[in-house]
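In what follows, a structure is listed as structure tokens, so that the remarks can point back to it.
Right, here's the structure in full:
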């Protein structure tokens, strides 16, 4: 069974640009969540999608957005990048109602 | 407001001894707790979980204890092995209604010395 796949693995962007990250969940998983990991802050919840609907949202500015497609694949977008957006962005998928989260390896975003 | 706290940033133990990783939470609505292990450049891997209706859950070398009155949980690893060296995250959730997000602590770096 394939795991959660995140692309790209690494990304370097310039301040002010926008970026789109992709996440393919485990087959059959309908819930996809996104987290940001930065040194000293641990993992912070961005948002969660279930059946193409955003079900929950963390305390991040509107520059951070996401969506989920009918095949459960999800994308997150960050517009007007800031240096502080440099982080590891992790995607997790789940089959049941919130249980059994499986994480991908993440996308390492560096903003210069 | 840090609802899940892992107050010790690091822990070093000798191989074969017990590792005890602690976690405190403030939100009494949390009813499910999980521990994840993370190696550099990889995503977190689920280790063990416990429901609020239990006070102990065991899986091989890993045992999680939950003290609801103290809002405290701990992960015991016995015996510790060098391959256990990683960052361990405590997470909590409330699985009611539409709220299924995980709230993580900041993690603790465990080093197991050979």
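Residue numbers (the working numbering), protein chains in the order written: chain A, 1 to 112; chain B, 113 to 226. All C-beta atoms in this analysis are idealised placements derived from N, C-alpha and C, irrespective of residue type, glycine included.
Residue i in three-state terms, based on DSSP
{"i": "residue 83 of chain A", "result": "helix"}
{"i": "residue 136 of chain B", "result": "strand"}
{"i": "residue 195 of chain B", "result": "helix"}
{"i": "residue 188 of chain B", "result": "strand"}
{"i": "residue 204 of chain B", "result": "strand"}
{"i": "residue 49 of chain A", "result": "strand"}
{"i": "residue 149 of chain B", "result": "strand"}
{"i": "residue 36 of chain A", "result": "strand"}
{"i": "residue 154 of chain B", "result": "coil"}
{"i": "residue 117 of chain B", "result": "strand"}
{"i": "residue 55 of chain A", "result": "strand"}
{"i": "residue 30 of chain A", "result": "coil"}
{"i": "residue 76 of chain A", "result": "strand"}
{"i": "residue 67 of chain A", "result": "strand"}
{"i": "residue 101 of chain A", "result": "coil"}
{"i": "residue 17 of chain A", "result": "coil"}
Interface residues of chain A facing residue i [CB-CB closer than 7 angstroms]
{"i": "residue 219 of chain B", "result": "42"}
{"i": "residue 201 of chain B", "result": "42 and 43"}
{"i": "residue 216 of chain B", "result": "42 and 43"}
Beta-carbon neighbours of residue i, restricted to chain B and to distances below 7 angstroms
{"i": "residue 106 of chain A", "result": "155"}
Residue i: contacting residues in chain A (beta-carbon distance under 9 angstroms)
{"i": "residue 158 of chain B", "result": "100, 101, 102 and 103"}
Expected contact under 8 angstroms - CB spacing of residue i and residue j to nearest Å
{"i": "residue 178 of chain B", "j": "residue 164 of chain B", "result": "7 angstroms"}
{"i": "residue 149 of chain B", "j": "residue 198 of chain B", "result": "5 angstroms"}
{"i": "residue 194 of chain B", "j": "residue 226 of chain B", "result": "5 angstroms"}
{"i": "residue 181 of chain B", "j": "residue 169 of chain B", "result": "Not a contact, Cβ separation roughly 18 angstroms."}
{"i": "residue 21 of chain A", "j": "residue 75 of chain A", "result": "7 angstroms"}
Contact check, residue i vs residue j, beta carbons under 7 angstroms
{"i": "residue 68 of chain A", "j": "residue 32 of chain A", "result": "yes"}
{"i": "residue 6 of chain A", "j": "residue 106 of chain A", "result": "yes"}
{"i": "residue 88 of chain A", "j": "residue 108 of chain A", "result": "yes"}
{"i": "residue 8 of chain A", "j": "residue 93 of chain A", "result": "no"}
{"i": "residue 118 of chain B", "j": "residue 135 of chain B", "result": "yes"}
{"i": "residue 216 of chain B", "j": "residue 42 of chain A", "result": "yes"}
{"i": "residue 45 of chain A", "j": "residue 58 of chain A", "result": "yes"}
{"i": "residue 86 of chain A", "j": "residue 110 of chain A", "result": "yes"}
{"i": "residue 192 of chain B", "j": "residue 131 of chain B", "result": "yes"}
{"i": "residue 65 of chain A", "j": "residue 77 of chain A", "result": "yes"}
{"i": "residue 166 of chain B", "j": "residue 56 of chain A", "result": "no"}
{"i": "residue 80 of chain A", "j": "residue 28 of chain A", "result": "no"}
{"i": "residue 13 of chain A", "j": "residue 4 of chain A", "result": "no"}
{"i": "residue 219 of chain B", "j": "residue 201 of chain B", "result": "yes"}
{"i": "residue 36 of chain A", "j": "residue 47 of chain A", "result": "no"}
Within chain B, partners of residue i - CB distance below 9 angstroms
{"i": "residue 11 of chain A", "result": "By Cβ distance, chain B contributes nothing, its closest Cβ being about 14 angstroms from residue 11 of chain A, past 9 angstroms."}
Proximal chain B residues relative to residue i, where beta-carbon distance stays under 8 angstroms
{"i": "residue 90 of chain A", "result": "155 and 156"}
Q. So, do the region 117-129 of chain B and the region 141-155 of chain B have three or more beta carbon pairs nearer to each other than 8 angstroms?
A. Touching, no, given that fewer than three Cβ pairs across the two stretches are closer than 8 angstroms.
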